[in-house]
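Going by full-length UniProt numbering, the sequence shown opens with residue 1, and the numbers climb by one from there.
In what follows, a structure is listed as structure tokens, so that the remarks can point back to it.
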Amino acid sequence: MPTTETLPEGILPQTEGEPASAGPEIPTRPAIHLDHCVIHVTDWARATAFYRDVMGAEVIERGAGFAYRFGGVQLNCHGPGVVAEPLAEKPVLPGNSDLCFRWPGTLEEAMAHLHRHGVVVERGPVERSGAAGPGISVYFRDPDGSLMEFITYPPA
């Protein structure tokens, strides 16, 4: 049985053929989480070094290519030697992705980490809104030119 989350107040789930309940039931819906997304890369060695060393990913071998795992979310890659099916109607070309990663420390630590790896901060620090609310971000690029972002949130 999938986990569930509470619906916003005033939104009631309704099963087909059943009237909406006016009783004290707490409405729920399946808690859906991102499992993976896909980007395109042009060079497996460069991409693997970047996503492993700079981004901290676990490297997963997949046939002719690799995927990069971040906790419970995976970044699948299409690239040289990989034949993938099905494909998006308009597949993203290398360098056309835009991904944000939550940095676990301070923004200063994130910037120092990028500097140590020779990665240029292209923009930031700037205020942004992410999955956990307001935060501060810096932007940089992966080896193919895709836009990457580290976001930090204020301590709870």
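Backbone N, C-alpha and C fix where the C-beta goes; we use that ideal spot for every residue, glycine too.
These figures come from a predicted structure and were not determined experimentally.
What are the start and end residues of the beta strand (DSSP E) that includes residue i?
i, result
"Leu34", "Element bounds for Leu34: n/a, residue is neither H nor E."
"Glu85", "Unbroken run through Glu85: none, as it is neither H nor E."
Would you check if the distance between the CB atom of residue i and the CB atom of residue j is smaller than 8 Å?
i, j, result
"Val82", "Gly65", "yes"
"His36", "Val73", "yes"
"His40", "His78", "yes"
"Ser129", "Leu99", "no"
Buried or exposed: where does residue i fall if 16 or more other Cβ atoms within 10 Å of its Cβ makes it buried?
i, result
"His33", "exposed"
"Val138", "buried"
"Thr28", "exposed"
"Ala156", "exposed"
"Ala88", "exposed"
"Pro30", "exposed"
Give me the Cβ distance between residue i and residue j, rounded to the nearest whole Å; I'm assuming they're in contact under 8 Å.
i, j, result
"Pro80", "Trp103", "In fact, because the Cβ distance is near 30 Å, the residues do not count as touching under 8 Å."
Return the chain-ordered list of same chain residues with a C-beta closer than 7 Å to the C-beta of residue i, the five sequence neighbours on each side being excluded.
i, result
"Met111", "Val121, Val138"
"Gly63", "Val82"
"Val119", "Val54, Phe140"
"Val59", "Thr48, Arg52, Phe66, Tyr68"
For the alpha helix (DSSP H) containing residue i, name the first residue and the last one.
i, result
"Arg102", "Counting along the chain, Arg102 falls outside any alpha helix (DSSP H), though it belongs to the beta strand (DSSP E) covering 98-102."
"Arg141", "Taken as a continuous stretch (DSSP letters only), Arg141 belongs to no alpha helix (DSSP H), being part of the beta strand (DSSP E) at 133-141."
"Ala156", "Run containing Ala156: none; DSSP gives neither H nor E here."
"Glu109", "107-116"
"Thr28", "From DSSP, Thr28 is part of no alpha helix (DSSP H) but of the beta strand (DSSP E) over 28-30."
"Arg46", "44-49"
Could you pull out every residue in the same chain whose Cβ sits closer than 6 Å to the Cβ of residue i, ignoring the five residues on either side in sequence?
i, result
"Leu107", "Pro125, Ile136, Thr152"
"Ala132", "Tyr153"
"Glu149", "Cys100, Ser137, Tyr139"
"Asp144", "Val41, Thr42, Pro94, Gly95"
"Lys90", "none"
"Ser97", "Ile39, Ser146"
Spatial neighbours of residue i within its chain, please: CB distance less than 8 Å, with the 5 preceding and 5 following residues excluded, ordered by chain position.
i, result
"Ala57", "Tyr51, Tyr68, Arg69, Phe70, Leu75"
"Leu93", "His40"
"Glu109", "Trp103"
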